[in-house]
Amino acid sequence: MSQIRPYGIPLLLFGFLIVSAAVAADPVPTTVTIHADRPGATIDKNVYGQFSEHLGSGIYGGVFVGENSPIPNTRGFRNDVVAALKELKVPMVRWPGGCFADEYHWRDGIGPQEKRPVRINTNWGGVPESNAFGTHEFFDLVEMIGADAYVNANVGTGSPAEAAQWLEYMTGDQATTLVRERRANGREKPWKVSIYAMGNETWGCGGNMRPEYYADVYNQYAAFMKAQPGAMPELLASGDHDDQTVFTSALMQNVRGRMDAISLHYYTILGPRWENKDTATGFSEAGWINTLANTLRMDGFIKAQDELLTSFEQKRFGGAPRRKTGLYVDEWGTWYKPEPGSNPGFLVQQNSLRDAVVAAANFNIFHKYADRVRMTAIAQTVNVLQAMILTDGPKMIRTPTYHAFRMYTPFQDAVSLPVDVRTATYAYGQWAVPQVSASAAKSGDGSLVIGLANLDPHNPADVSAVIAGAQVREVRGEVLTAEAMDAHNTFEKPDAVRPVEFRGAKLSGETLIVTLPAKSVVVLTLR
Ligand code: AHR
């Protein structure tokens, strides 16, 4: 599992143009050129996807409490959490794992809840898994919040037959035995599965496989995944992590049949060893910059994968127009030490302003590769790792990461616009990062949306943005910031970090002038 994940050496410089060091006073102005005249690919809304695994209280207690719970619920789903997820416009949810997926047998999770077998969740805490949340409950949840379904099949301890039968159970519409069973269990119409993944982290918890071996296993599974016309999900192969590219190479060389996308996992830790993790709060400035520098490595990892995929596609398909093989970053986010007193296998961590800046920096990277990265899933939705929501019994709070996701919702299905950023360097200790991270897009209603993050915890950033190829007359925005680097929400102070109206942007002729507060995330809408 993840603990043996190798980890690369930190880089000091990144793919932005860094013009000079500006650590103290007299900050160097940042210039941003937004090319509305050169629209790129659509930012698939699924770039804002979520990951919900059977892990700690990610599902049980966090989302699903059962109908008899005193916590207000609808068919067992917490009303407060469902409402918060709806507000977030969650486009897609990945389930049931993660490592859990490769030991999950879908038949355990159908039929009357009280008759479902209880197993041990061997990956996460060694606790009993009641299977009360299964296929019907998952689809009930995604339908309630208006999201699409990404289902991860079991390759590690499953079989092609088991995965094929699950697909038929979920998507079939003819009177087969499996479809009749689904109907008897209360669901008449087929569900829509948007993505069906063949295993997870097959280099690790998913079976410790060699890349070429997994490519063969993938071929075997993919050959037997069948659905009625129009019901076939995208098939996703389990891919690399961090800077590794061997799985993408082996898959592109050896896969014969359908493969719509390959996954990439990258968690932000202090490194360089996997064991070296920061605390979620109470960290130093070294922890702040180290985390941000490491999260920006995502750009290089995607770039390397993109170039590799492009070279294979050119060899295989020549110049023929075709949809690119997707690179789905279906696990990303910060991974800190577990909160003191929590079960270490439950991966519980607080979430601070630093996490919101991490999220914005990653969104700005994903937008740049919109034609390749058409789906991502942050790990994880509730109570696990870089969560949107934390719960404690009947109490619930939205984290700074939740707010960053909510602020960036206008980017969902907007058209990505290239941006050139010239910015100062924020440096501390052995680390140096660009002060400002930015991206821009054009929404369906014609408005321009700009996402900005100031990574410097001390200095504001004076940004002057020129928009080539569009005229704007009005700017509005929201800002997320706080006094402390580790500012966070608690059950006692749930709104300590929340977005407010931003008054630091104005239009001066053709130029947009913005003063970004230190350590902030700002999203602007221009009309
Ligand atoms: O998100 C937690 C775990 O991290 C997932 O189960 C696994 O795929 C990864 O190692």
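Those letters in the sequence shown? Residues 2 to 528, by my numbering.
From the three backbone atoms N, C-alpha and C, an ideal C-beta is built for every residue, glycine too.
These figures come from a predicted structure and were not determined experimentally.
Span separating the alpha-carbon of VAL349 from that of LEU386: Between the C-alpha atoms of VAL349 and LEU386 there is a straight-line separation of about 6 Å.
Which residues DSSP lists as bridging PRO36, in chain order: The sequence given here places His at residue 36; Pro does not occur at that position. Partner residues in the beta bridge of HIS36, as assigned by DSSP, are ALA469.
Burial state of LYS227 (16 or more Cβ within 10 Å): Burial call: exposed.
Residue from LEU449, VAL180, TRP107, SER448 whose Cα sits closest to the Cα of THR158: When the alpha-carbon of THR158 is set against those of LEU449, VAL180, TRP107, SER448, the nearest one is in TRP107.
Closer than 7 Å: GLY98 CB and nearest the ligand AHR heavy atom: Correct: GLY98 has its Cβ closer than 7 Å to the ligand AHR.
In DSSP terms, what ILE398 is bridged to: DSSP output for ILE398 lists LEU391 as bridge partner(s).
PHE101: CB within 7 Å of a non-hydrogen atom of the ligand AHR: Yes, the Cβ of PHE101 comes within 7 Å of a heavy atom of the ligand AHR.
Beta-carbon gap between ASN153 and ASN186 smaller than 8 Å: Contact: no.
ASP331 - containing beta strand (DSSP E), residue span: For ASP331, the enclosing beta strand (DSSP E) stretches over residues 327 to 335.
Residues bridged to THR377 [DSSP beta-bridge criterion]: Answer by DSSP bridge pairing, in chain order: VAL330.
DSSP bridge partner residues for HIS459 (one or two, in chain order): None, per the DSSP bridge assignment.
Neighbourhood of GLY430 by C-beta distance below 6 Å, restricted to the same chain and skipping five residues each side: Excluding sequence neighbours, GLY430 sits near ALA287.
Length of the line joining the Cα atoms of SER160 and ALA223: Whole-angstrom Cα-Cα distance: 11 Å.
For VAL358, three-class secondary structure by DSSP: When secondary structure is reduced to three states using DSSP, VAL358 falls in the helix class.
Cβ-heavy atom distance, ASN201 to the ligand AHR, below 7 Å: Checking the Cβ of ASN201 against the ligand AHR gives yes.
Alpha carbon of ALA26 to alpha carbon of ASN460, nearest angstrom: Interpretation of ALA26 is limited by its pLDDT of 48, a score under 50 that renders its predicted location unreliable; the figure taken from the coordinates is listed afterwards. Approximately 7 Å, taken between the alpha carbons.
Where the alpha helix (DSSP H) containing TYR219 begins and where it ends: Residues 212 to 224.
Rounded C-alpha distance that separates SER521 from ALA281: Our two residues, SER521 and ALA281, have alpha carbons roughly 18 Å apart in a direct line.
Contacting residues, own chain, Cβ-Cβ under 6 Å from LEU527 (five flanking each side not counted): Here the set comprises LEU449, VAL473, VAL476.
Test item: CB-CB of VAL330 and THR377 under 8 Å: Yes, they are a contact pair.
Three or more C-beta pairs below 8 Å linking the region 296 to 304 and the region 264 to 284: With a cut-off of 8 Å, the region 264 to 284 and the region 296 to 304 count as touching, because enough Cβ pairs lie within range.
Contacting residues, own chain, Cβ-Cβ under 8 Å from GLY112 (five flanking each side not counted): For GLY112, where only same-chain residues beyond five positions count, the Cβ hits under 8 Å are ASN186.
CA-to-CA distance, GLU138 to LYS116, given in whole angstroms: About 15 Å.
VAL24 in three-state terms, based on DSSP: The predicted model places VAL24 with a pLDDT of 45, which falls under 50 and marks its position as unreliable, so this point remains unresolved.
Sub-8 Å separation of SER195 and PRO234 beta-carbons: In this structure, the beta-carbon distance from SER195 to PRO234 falls below 8 Å.
Check whether THR382 and SER53 have beta carbons under 8 Å apart: In contact: THR382 and SER53 (Cβ atoms closer than 8 Å).
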